[in-house]
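Below: one structure, written as structure tokens.
Residue numbers (our numbering): 271 to 655.
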């Protein structure tokens with residue numbers, strides 16, 4: 271019996287549901303509902319369900335309308351339609367709108383329903399296992415690339431850590447269900463810098479002026495990063511954000527293709543505002559001032575996105591003041607992964623090793639300890655977390 275994978279049967283006839291429960295008892299974990307509204311309430315309370323079976327003809331909410339909502343809430347849930355009216359249009363609508371897995375006629379033999387439910391559960395297991403594998407693989411790949419970037423260009427790595435947090439705050443404020451691609455872009459936005467010559471990276475790190483040719487390479491770096499990701503399955507949306515992260519709302523900026531306004535992908539418009547806000551905040555030390563500087567750049571940003579960021583982070587800043595993590599002093603041996611540096615880390619000779627605001631990842635922490643083995647580090651070190 272598949273006890274861990276629940277099935278929801280929805281029919282406005284209690285007798286039909288009772289018959290299904292009798293015939294399927296001991297083989298599946300069954301829950302029932304007599305209306306679309308009750309089904310949605312149970313999904314909200316007890317879900318997600320592996321499979322939802324809905325009768326087409328129900329008052330107030332049809333089975334098709336219910337399955338459309340089920341897909342919107344839990345895309346992985348396998349959807350099955352039952353109907354006593356086997357019209358071609360009903361079947362077509364069920365497939366096209368509800369994306370149903372199977373279409374069964376009533377009355378449905380108990381054994382056929384059981385076989386269909388078993389196939390639906392198997393499909394659910396395949397889909398969820400594939401998604402979990404992909405997510406673990408992608409997240410692992412992104413972590414690896416992020417660690418490499420932290421070594422090649424520490425300044426951009428510091429920005430990416432704070433940018434990811436800004437993305438999370440923005441997504442939570444506006445209840446965005448799909449923010450993974452923005453978070454991934456936050457971590458990977460410096461990826462194109464891996465294509466730059468070491469001499470250019472050194473100048474960027476030292477904030478030295480660039481030659482015209484070097485500046486051109488830096489401006490093309492986001493496009494190069496997008497090209498590196500473009501052929502990796504499931505990272506196409508992240509590549510699009512990287513490609514257009516410097517494309518201004520009025521059509522200026524990079525890449526130099528004819529695209530502007532609403533034609534620029536919305537995630538890229540959001541990302542550009544958040545990234546520039548974080549960069550200016552690191553320079554000024556004040557988020558409100560950073561947003562004010564962005565507002566002075568006529569034509570650069572989607573006005574609605576800029577306004578939404580201002581609304582979001584005004585609220586966030588008020589909350590942050592009350593829950594700010596205290597600063598603690600630690601020796602080098604006491605540092606742990608996940609802490610944030612609250613001060614610069616320098617050698618006893620005054621050589622800068624890590625900037626304040628850097629998150630201590632396993633690679634960063636190991637690099638710091640390796641550095642300290644050769645050049646003694648000033649202690650204590652001040653951290654948050």
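Virtual Cβ for every residue (Gly too), placed ideally from N, Cα, C.
Does the Cβ-Cβ distance between residue i and residue j come in under 7 Å?
{"i": "residue 437", "j": "residue 453", "result": "yes"}
{"i": "residue 615", "j": "residue 651", "result": "yes"}
{"i": "residue 374", "j": "residue 352", "result": "yes"}
{"i": "residue 321", "j": "residue 286", "result": "no"}
{"i": "residue 538", "j": "residue 561", "result": "no"}
{"i": "residue 517", "j": "residue 534", "result": "yes"}
{"i": "residue 463", "j": "residue 496", "result": "no"}
{"i": "residue 293", "j": "residue 389", "result": "no"}
{"i": "residue 336", "j": "residue 306", "result": "yes"}
{"i": "residue 455", "j": "residue 512", "result": "yes"}
{"i": "residue 280", "j": "residue 311", "result": "no"}
{"i": "residue 369", "j": "residue 341", "result": "yes"}
{"i": "residue 466", "j": "residue 480", "result": "no"}
{"i": "residue 282", "j": "residue 326", "result": "no"}
{"i": "residue 433", "j": "residue 548", "result": "yes"}
{"i": "residue 521", "j": "residue 530", "result": "yes"}
{"i": "residue 609", "j": "residue 638", "result": "no"}
Residue range of the alpha helix (DSSP H) that residue i falls in?
{"i": "residue 313", "result": "306-316"}
{"i": "residue 607", "result": "No alpha helix (DSSP H) holds residue 607; DSSP gives it neither H nor E."}
{"i": "residue 335", "result": "333-343"}
{"i": "residue 451", "result": "450-458"}
{"i": "residue 491", "result": "482-499"}
{"i": "residue 292", "result": "284-294"}
For residue i, which option in the options has the closest C-alpha, if you only look at C-alpha atoms?
{"i": "residue 324", "options": "339, 398 and 568", "result": "339"}
{"i": "residue 600", "options": "295, 393, 513 and 654", "result": "654"}
{"i": "residue 707", "options": "478, 485, 451 and 523", "result": "Lying before the first or after the last residue shown, residue 707 is absent from the chain, which here runs from 271 to 655."}
{"i": "residue 344", "options": "383, 398 and 388", "result": "398"}
{"i": "residue 428", "options": "532, 504, 628 and 307", "result": "628"}
{"i": "residue 475", "options": "622, 291 and 633", "result": "622"}
{"i": "residue 346", "options": "328, 371, 330 and 329", "result": "371"}
{"i": "residue 228", "options": "552, 515 and 277", "result": "Absent from the model: residue 228. The displayed extent of the chain is 271 to 655, so no value can be given."}
{"i": "residue 275", "options": "299, 289, 283 and 290", "result": "299"}
{"i": "residue 445", "options": "387, 307, 529 and 578", "result": "578"}
{"i": "residue 574", "options": "543, 387 and 597", "result": "543"}
{"i": "residue 461", "options": "489, 482 and 483", "result": "489"}
{"i": "residue 376", "options": "392, 289 and 442", "result": "289"}
{"i": "residue 646", "options": "619, 635 and 576", "result": "619"}
{"i": "residue 350", "options": "387, 315 and 332", "result": "387"}
How about residue i: is its C-beta nearer than 7 Å to some C-beta of chain D?
{"i": "residue 429", "result": "As a matter of chain content, chain D is missing from the structure shown, which is built from one protein chain."}
What are the boundary residues of the beta strand (DSSP E) that includes residue i?
{"i": "residue 302", "result": "298-303"}
{"i": "residue 511", "result": "Looking at the DSSP string, residue 511 is not in any beta strand (DSSP E); the run it does join, the alpha helix (DSSP H), is 506-513."}
{"i": "residue 373", "result": "372-375"}
{"i": "residue 654", "result": "651-654"}
{"i": "residue 644", "result": "Counting along the chain, residue 644 falls outside any beta strand (DSSP E), though it belongs to the alpha helix (DSSP H) covering 632-644."}
{"i": "residue 472", "result": "Careful: residue 472 lies outside any beta strand (DSSP E), inside the alpha helix (DSSP H) at 468-476."}
{"i": "residue 350", "result": "348-353"}
{"i": "residue 530", "result": "Neither: residue 530 is in no beta strand (DSSP E) and is coded neither H nor E."}
{"i": "residue 325", "result": "321-325"}
{"i": "residue 622", "result": "622-624"}
If residue i and residue j are in contact, beta carbons under 8 Å, what's the gap, nearest whole angstrom?
{"i": "residue 648", "j": "residue 606", "result": "That pair is no contact at about 19 Å."}
{"i": "residue 459", "j": "residue 545", "result": "6 Å"}
{"i": "residue 457", "j": "residue 430", "result": "5 Å"}
{"i": "residue 572", "j": "residue 519", "result": "5 Å"}
{"i": "residue 642", "j": "residue 626", "result": "That pair is no contact at about 18 Å."}
{"i": "residue 553", "j": "residue 525", "result": "Wrong, their Cβ atoms sit about 26 Å apart, outside the cutoff."}
{"i": "residue 394", "j": "residue 582", "result": "Between residue 582 and residue 394 the Cβ distance is about 36 Å, and since that is not below 8 Å, they are no contact."}
Kindly examine the ligand PLP and report whether one of its heavy atoms sits closer than 6 Å to the Cβ of residue i.
{"i": "residue 653", "result": "Annotation note on the ligand PLP: not contained in the displayed structure, which lists no ligands."}
Suppose only complete runs of 4+ residues qualify. What are the alpha helix (DSSP H) ranges in the segment 536-597, listed by chain order?
536-554, 557-565 and 573-592
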